[in-house]
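Here my numbering = 1-based position in the sequence shown + 1365.
Positions of the beta carbon are idealized from the N, C-alpha and C atoms, including for glycine.
In this text the structure is predicted, and so the values were computed from the model without any measurement.
These notes concern the structure reproduced below.
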Amino acid sequence: MVIQRTTRWLDVKMVFGCILVCCESGKSKSVAEEVKKIKGVKKVFATVGRWDVAARVYAPDLKALREIALKVHNTSGVRASETLVGL
């Protein structure tokens, strides 16, 4: 007699994106620390160029990604932000 074990895999799809942040002068470090605390943000790092901070984010859908982007944009010390959605 053979007993088979079956594992059911859930097909979970996530939306991922990158949020680029332009900070007020001298605020990059504090902005990065606050953005790290936002649920859905997986990685935050400093950049050189037009944007000061970038955040890699994952969300269950576009609506949730929008909410994360708004929280990042409303963080104290943020002058501007742009959200890129991964395909």
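C-alpha gap between residue i and residue j, whole angstroms
i: L1385; j: K1392; result: 14 Å
i: L1430; j: V1422; result: 8 Å
i: G1397; j: E1432; result: Going by the sequence as given, residue 1397 is Ala instead of Gly. Between A1397 and E1432, the C-alpha separation is close to 18 Å.
i: A1419; j: K1394; result: 12 Å
i: I1368; j: T1412; result: With a pLDDT of 49 at I1368, under the threshold of 50, the modelled position of that residue is not reliable, and no figure is offered here.
i: S1390; j: D1417; result: 10 Å
i: K1436; j: T1448; result: 12 Å
i: T1440; j: F1410; result: 16 Å
Candidates the options, of which the one nearest residue i by Cα
i: A1445; options: P1425, K1404, R1415; result: R1415
i: H1438; options: I1403, F1410, L1427; result: I1403
i: V1400; options: E1447, A1434, V1450; result: A1434
i: K1408; options: G1442, C1383, V1450; result: C1383
i: D1426; options: G1405, V1443, C1387; result: G1405
i: V1380; options: E1447, C1387, K1428; result: K1428
Extent of the continuous alpha helix (DSSP H) to which residue i belongs
i: S1390; result: Where S1390 is concerned, there is no enclosing alpha helix (DSSP H), given that its DSSP letter is neither H nor E.
Endpoints, the beta strand (DSSP E) within which residue i is located
i: V1437; result: No beta strand (DSSP E) holds V1437; the alpha helix (DSSP H) holding it covers 1427-1438.
i: T1448; result: 1443-1450
i: V1413; result: That residue, V1413, is in no beta strand (DSSP E); it is neither H nor E in DSSP.
Cβ distance (whole Å) where residue i is taken to contact residue j below 8 Å
i: C1388; j: V1443; result: 6 Å
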